[in-house]
Amino acid sequence: MNQSNHQPKNEVTAGRPDGAGLNVEALSVQYGHIQAVREVSLSVQPGEHIAIIGPSGSGKSSLLRSVAGLIRPAAGRITWADETWFDTDGTQWIEPEHRRIGMIAQQPALWPHLTARAHLMRVLGWRGVKRRDRAGQTERLLELVGIAHRATHRPAELSGGEQQRLALARALVGGSRLLLLDEPLGQLDLVRRRELGREMSRIAQEMGAAVLHVTHDPTDAMSLPDRIVVLEGGRILQYGTPDEIRSQPAGAFVEAVVRMTNA
Amino acid sequence: MLIVVVVLLGLVPVGMAMADLFRRPAEAWSALVDPVLWPRIGTSLLIALLTLAFMLPLGLMMAWLLVRTNLPARRLGMMLIPFPLFLPPLVHVLSWFGVIPLSGIPAIVLVYVIAFTPFVVLLSARSLEQISRAHAETVQLMGGKRAVLLDDLRHALPAATIGGVLALVFMLGDFAVADFLTSVGPKVTVYADTIYVHHLAQRSGAAAATAVPGILLCLVPLIWALRRRRQLGATVDPRFERAEPLTLGGTRWGLLLLIVIYLLIGTALPLISLAWQAGSWTTILEQARGASDRIMFTVLLGAAAATGMVLLALPLMLFAQRLRRAWWLDVLIFLPLAVPPLILGVGLIRVWNRPLLDAIYLGPGVLLIALIGRYLAFAALPIGGSIERLDRSMLDAARLAGAGRFVRTVRITLPLIASTVIAAWCISFCFTLRELDTLIMLRAGQRTLPFHLYSNVVFARQEDVAALALILAGVTIMPLLLYLAIARRAIRFL
Numbered sequence: 000m001n002q003s004n005h006q007p008k009n010e011v012t013a014g015r016p017d018g019a020g021l022n023v024e025a026l027s028v029q030y031g032h033i034q035a036v037r038e039v040s041l042s043v044q045p046g047e048h049i050a051i052i053g054p055s056g057s058g059k060s061s062l063l064r065s066v067a068g069l070i071r072p073a074a075g076r077i078t079w080a081d082e083t084w085f086d087t088d089g090t091q092w093i094e095p096e097h098r099r100i101g102m103i104a105q106q107p108a109l110w111p112h113l114t115a116r117a118h119l120m121r122v123l124g125w126r127g128v129k130r131r132d133r134a135g136q137t138e139r140l141l142e143l144v145g146i147a148h149r150a151t152h153r154p155a156e157l158s159g160g161e162q163q164r165l166a167l168a169r170a171l172v173g174g175s176r177l178l179l180l181d182e183p184l185g186q187l188d189l190v191r192r193r194e195l196g197r198e199m200s201r202i203a204q205e206m207g208a209a210v211l212h213v214t215h216d217p218t219d220a221m222s223l224p225d226r227i228v229v230l231e232g233g234r235i236l237q238y239g240t241p242d243e244i245r246s247q248p249a250g251a252f253v254e255a256v257v258r259m260t261n262a
Numbered sequence: 000m001l002i003v004v005v006v007l008l009g010l011v012p013v014g015m016a017m018a019d020l021f022r023r024p025a026e027a028w029s030a031l032v033d034p035v036l037w038p039r040i041g042t043s044l045l046i047a048l049l050t051l052a053f054m055l056p057l058g059l060m061m062a063w064l065l066v067r068t069n070l071p072a073r074r075l076g077m078m079l080i081p082f083p084l085f086l087p088p089l090v091h092v093l094s095w096f097g098v099i100p101l102s103g104i105p106a107i108v109l110v111y112v113i114a115f116t117p118f119v120v121l122l123s124a125r126s127l128e129q130i131s132r133a134h135a136e137t138v139q140l141m142g143g144k145r146a147v148l149l150d151d152l153r154h155a156l157p158a159a160t161i162g163g164v165l166a167l168v169f170m171l172g173d174f175a176v177a178d179f180l181t182s183v184g185p186k187v188t189v190y191a192d193t194i195y196v197h198h199l200a201q202r203s204g205a206a207a208a209t210a211v212p213g214i215l216l217c218l219v220p221l222i223w224a225l226r227r228r229r230q231l232g233a234t235v236d237p238r239f240e241r242a243e244p245l246t247l248g249g250t251r252w253g254l255l256l257l258i259v260i261y262l263l264i265g266t267a268l269p270l271i272s273l274a275w276q277a278g279s280w281t282t283i284l285e286q287a288r289g290a291s292d293r294i295m296f297t298v299l300l301g302a303a304a305a306t307g308m309v310l311l312a313l314p315l316m317l318f319a320q321r322l323r324r325a326w327w328l329d330v331l332i333f334l335p336l337a338v339p340p341l342i343l344g345v346g347l348i349r350v351w352n353r354p355l356l357d358a359i360y361l362g363p364g365v366l367l368i369a370l371i372g373r374y375l376a377f378a379a380l381p382i383g384g385s386i387e388r389l390d391r392s393m394l395d396a397a398r399l400a401g402a403g404r405f406v407r408t409v410r411i412t413l414p415l416i417a418s419t420v421i422a423a424w425c426i427s428f429c430f431t432l433r434e435l436d437t438l439i440m441l442r443a444g445q446r447t448l449p450f451h452l453y454s455n456v457v458f459a460r461q462e463d464v465a466a467l468a469l470i471l472a473g474v475t476i477m478p479l480l481l482y483l484a485i486a487r488r489a490i491r492f493l
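The listed protein sequences correspond, in order, to chains A and B. Just so we're aligned: 122 in numbering that gives the first Met the number 0 is position 123 of the first sequence, and the numbers increase by one with no gaps anywhere. Just so we're aligned: 462 in numbering that gives the first Met the number 0 is position 463 of the second sequence, and the numbers increase by one with no gaps anywhere.
See below:
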């Protein structure tokens, strides 16, 4: 499905559910009486970058956190290739620590007692990487994200941008196959946001990870991803490439986003 | 399993002691309708309410000055504030007895105000520290300094009340302070004394019945306070910025003097008074040599009990974090604190005084059980608070990075709360060395320094008693001094 699709109902499936990467089917998330996500279906292939945009309260973060396994959805199915992470029918549930995914939120949530190097070494240990391979992988990744010279520093000694680079390295280390980004650059200034956003996308692609990226920044949304999912009221309102969204914006929110990027 | 341990430590002994209510119903009933009981409860309540009336405003004001203003040396002040609480009550009593021209209820109230005000300061300060810069600035813009003051008060009052409830629990269970302070002049007999008298006369049904009003008087506000505590212990937003201190101007030196006076009265002067009463270093050294076995036994007992409390509180509070409603666990942990210590002592005798359990009952085992059961709450309170305030996103990040529950606890949670765990150990240690009323009931308790001091009060020379009290004070506050010297931060209670 590569056409821009903007029916307000959730017959919309974002992406091709061909089984290679992440497949989300009819996912619903509920907090008490409030339904945050309503029967959303989407797919992301390895190496693909999908942006999720939508007004506040549209269910973007809930969708991301339920894919991560940090909240348990009310219904639906989440799979990665032939691995089922969550299925209401089969009551299947895989804990987040076994999903091999990385996530970065607005706050990098780094561990204050560990140095940059120790962050990555520790995660490699948790991910079962052999001791003799850990140092090499750590150095390579620190080099890749551009903070090799800060390897022995603790988070409090790093700048905001360096903290986010470390969070990116931590999210990708040890073979993460899916990278979930929840407004990761919101705290940075505009110039650094653009620069780091592009770099994050490039590094994730280089490592073959699929990216699901929640953003409020219209420029990020229109420039970084391969495809865009527009959520509103917990449903997929529109899905397509940035060009398709730009040419056929569905609803006031998407129109405003397009206007801002054209300005 | 942990819950079973908590129940065995605290609830089973209490239950065994209270079972005498049903085993000797006639005796229990006669104790409850005894015309002596209710006036004594009235006296204890009057003392407690008078103490609270002085303690709450004083504690609130000191907390506000230390946290929300630019008072000079406020960091140091915050570090020193817990000392009067951690000095054993007997030390306060001995240092002030005969020195101040007060007697009867005013003297008791004075000692309680000095000893328990830190409860209010420490808990209120924790609440005031959570006022964000954005919140304080908004209030100031909307209503000026007066509005800020009222808003700060609104923030601190629930925590101050919890501090007041903890003090109430200690006051209603204590008889030694009133007993000693009114040993000369008109005698004030408090409620807890009645339980002790029944116990000495081997009227266990009457002792249990007498304890019931006290348990209710402590438990009802305690349950309320524990439910409020859960609301106070909200997770701190990682973007949180503490409010800027308010400028006091020229008055700040005068206000600093108030805190200095409190610390002098609460810590320095008692120690100086005891040293003066002891007369010379020779007396202190002689007493230390004479009681060296008891000192060693007491320190080891306190250290073992504090370690046990921390080791038990840590997994319990991690478990509580996973519960949607954990107030019942709080009640379970705090119940032995709400029961008069004498009743806990009676219960421990009932449970452990059996031929097969002599090794525990006659040795330090029963004392460890008594201390851990009674004071577990004081290890659980700071540890639980620090776990609740942990930034959840750090744990989520570890989870997504592949760390299971155990690894997350050991590698992330524990390093992040390590300083609070050490502080909890120090608090627990200090409280175990303050304890006298439960230990007095147990045979093995006679080997402890507080018991030695208590039994010497009547028979020994005044200088020897003062020297012993000074040694006990020194031993009690030593870990706290070490903590402050190394961590260079105030101890946190919540």
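Quick reminder that beta carbons are idealized off the backbone N, C-alpha and C, glycines included.
Judged by DSSP in its simplified three-state form, G207 of chain A adopts coil rather than helix or strand. Look at the segment 393-418 of chain B: the residues with a C-beta under 8 Å from a C-beta of chain A are M393, D395, A396, A397, R398, L399, A400, G401, A402, G403, V406, R410, I411, P414, L415. At a cut-off of 8 Å between beta carbons, M102 of chain A contacts chain B.
Inclusion of L149 of chain B and T475 of chain B in the CB contact set at 8 Å is not warranted, their separation being larger than that value. Boundaries of the beta strand (DSSP E) around D86 of chain A: 82-86.
Interface flag for D390 of chain B against chain A is set, since a Cβ pair is found closer than 8 Å.
Here D181 of chain A is bridged, per DSSP, to A:A104, A:V213. Secondary structure of Q186 of chain A (DSSP, three-state): coil. For the segment 50-83 of chain A, the set of positions with a beta-carbon nearer than 7 Å to some beta-carbon of chain B reads A67, L69 in chain order. Remark: C-beta atoms of G75 of chain A and Q44 of chain A do not approach each other more closely than 8 Å. Fully enclosed beta strand (DSSP E) runs of no fewer than 3 residues are not present anywhere in the segment 306-333 of chain B.
From the beta-carbon of P95 of chain A, the residues of chain B found nearer than 7 Å are R398, L399.
Beta-carbon to beta-carbon, L315 of chain B and L1 of chain B are separated by about 5 Å, close enough to satisfy the 8 Å threshold. Taking a beta-carbon distance threshold of 8 Å, R121 of chain A counts as an interface residue toward chain B. For I46 of chain B, the secondary structure class from DSSP, reduced to helix, strand or coil, is helix. A distance below 8 Å separates the beta carbons of L51 of chain B and L167 of chain B. The Cβ atoms of S123 of chain B and G58 of chain B sit closer than 8 Å to each other.
Between Q106 of chain A and chain B, the shortest Cβ-Cβ separation is below 8 Å.
Contact annotation for R176 of chain A against chain B: no contact, minimum CB-CB distance about 12 Å [criterion: below 7 Å]. The straight-line gap separating the alpha-carbon atoms of V210 of chain A and A150 of chain A is approximately 26 Å. CA-CA distance, E243 of chain B to Q129 of chain B, rounds to 12 Å. DSSP places L21 of chain A inside the beta strand (DSSP E), whose first and last residues are 21-30. At a cut-off of 4 residues, the continuous stretches assigned as alpha helix (DSSP H) that sit fully inside the segment 164-232 of chain B are 175-180, 190-199, 203-231. The beta carbon of A203 of chain A is closer than 6 Å to those of L178, V210 in its chain, skipping five residues each way along the sequence. Think of a sphere of 9 Å around the beta carbon of R126 of chain A: the chain B residues whose beta carbon falls inside it are A400, G401, in chain order. Ranked by Cα distance from E243 of chain A, the options A:R197, A:V257, A:S27 are led by A:V257.
It is roughly 12 Å from the alpha-carbon of E161 of chain A to the alpha-carbon of P183 of chain A.
In the three-state DSSP reduction, Q129 of chain B falls in the coil class, being neither helix nor strand.
At least 8 Å separates the CB of R193 of chain A from every CB of chain B. Going by DSSP, A50 of chain A is part of the beta strand (DSSP E) stretching over 48-52.
Within the same chain, Cβ atoms closer than 7 Å to the Cβ of I107 of chain B are found at I46, V176, A177, L180, V187, the five residues on either side in sequence being excluded. Annotation: the continuous beta strand (DSSP E) that includes I33 of chain A extends over 33-43.
Straight through space, the alpha carbons of R202 of chain B and E26 of chain B are spaced by roughly 7 Å. Rounded to the nearest whole angstrom, the C-alpha separation of L36 of chain B and Y190 of chain B is 7 Å. When the five nearest sequence neighbours on each side are left out, the beta carbons in the same chain lying within less than 8 Å of the beta carbon of L389 of chain B are those of T234, T412, L415, I416, in order along the chain. At a beta-carbon threshold of 9 Å, the residues of chain B lying near G173 of chain A are A400, G401, ordered along the chain.
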